[in-house]
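Undergrad:
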Amino acid sequence: MSTTAIIVLVVVIVVLAAAAAAARPYLRSRQLRNRFGPEYDHLMRNKGDRREAERELEDRQRRHDKFELKPLTAESREGYLRDWTWAQEQFVDSPRGAVRRADELVGQIMRERGYPVEGTEQQIADLSVEHASVLNHYRTAHAISSRGDEDPPSTEDLRNAMRHYRTLVEDLLDHATTERSK
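For the sequence shown, position 5 matches number 5 in full-length UniProt numbering, and the numbering has no gaps at all.
Take a look at the structure:
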């Protein structure tokens with residue numbers, strides 16, 4: 001091999017290595033955006049820094065990987081569906097109580113599946129790995145349900161909270177029986 005051929009080969013290898021290094025952050029961002037969907041955009045808005053937001057998403061994934069999640073039994077799933085139906089029926093007589101029950105139901109489903117239940121923000125972070133598409137529903141519903149007496153939610157607000165909780169509960173129950181246990 002001539003000296004010129006060796007130089008050309010080395011230059012090509014260096015250019016390819018540089019291109020691969022330059023593409024890595026883009027590919028990482030694309031993978032995280034595909035994995036976390038709207039949660040990726042939410043964190044980008046809140047953090048204002050792509051690397052910080054992506055680091056948090058990767059931390060969430062690592063934490064989630066340590067969970068020993070298990071599917072719900074058919075009986076358990078049916079029980080949660082009955083509880084959800086009951087909560088909806090109670091809305092007429094006690095809108096705030098029904099919304100509180102819906103929030104409690106989310107925690108119970110998570111706990112039975114094997115998620116740690118350490119407060120709403122951590123629950124949202126933990127759910128983001130597999131349920132990112134419905135997290136804004138959870139945020140909205142929880143914000144309404146946790147409003148205190150100084151700014152009580154209207155009946156319409158509570159109705160909207162129930163609609164948001166329904167989206168989350170349905171997603172949790174659908175995934176809970178279709179996912180394989182780890």
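Cβ coordinates follow ideal geometry from the N, Cα and C atoms, glycine included.
1) Work out the CA separation of residue 60 and residue 13 for me, nearest whole Å.
2) For residue 87, report the span of its alpha helix (DSSP H) as first-last.
3) Buried or exposed for residue 124, please, with buried defined as at least 16 other CB atoms from any protein chain shown within 10 angstroms of its CB.
4) For residue 144, count the other beta carbons within 10 Å of its own beta carbon; 16 or more makes it buried, fewer makes it exposed. Which is it?
5) Does the Cβ-Cβ distance between residue 168 and residue 106 come in under 9 Å?
6) Taking just the CA atoms, how far does residue 138 sit from residue 57?
7) Quick check: what's the CA-CA separation for residue 89 versus residue 41?
8) Does DSSP classify residue 93 as helix, strand or coil?
TA: Well, looking at it:
1) For the purposes of this step, residue 13 is identified with residue 13 of the sequence shown, where counting begins at 1. For the purposes of this step, residue 60 is identified with residue 60 of the sequence shown, where counting begins at 1. So the alpha carbons of these two residues sit roughly 36 Å apart.
2) Reading the sequence shown from its first residue, position 87 is the one you call residue 87. Counting along the chain, the alpha helix (DSSP H) containing residue 87 begins and ends at 74-90.
3) By one-based count along the sequence shown, residue 124 stands at place 124. The residue in question, residue 124, is buried, as its Cβ has 16 or more Cβ neighbours within 10 Å.
4) The residue labelled residue 144 in the question sits at position 144 within the sequence shown. The residue is buried, with at least 16 neighbouring Cβ atoms inside 10 Å.
5) Position 168 of the sequence shown, counting from 1, holds the residue named residue 168. Position 106 of the sequence shown, counting from 1, holds the residue named residue 106. Their beta carbons are under 9 Å apart, which means residue 168 touches residue 106 by this criterion.
6) Numbered from 1 along the sequence shown, position 57 holds the residue referred to as residue 57. Numbered from 1 along the sequence shown, position 138 holds the residue referred to as residue 138. Between residue 57 and residue 138, the C-alpha separation is close to 18 Å.
7) Within the sequence shown, numbered from 1, the residue matching residue 89 stands at position 89. Within the sequence shown, numbered from 1, the residue matching residue 41 stands at position 41. Taking the straight line joining both Cα atoms gives about 35 Å.
8) In the sequence shown, the residue the question calls residue 93 occupies position 93. Coil.
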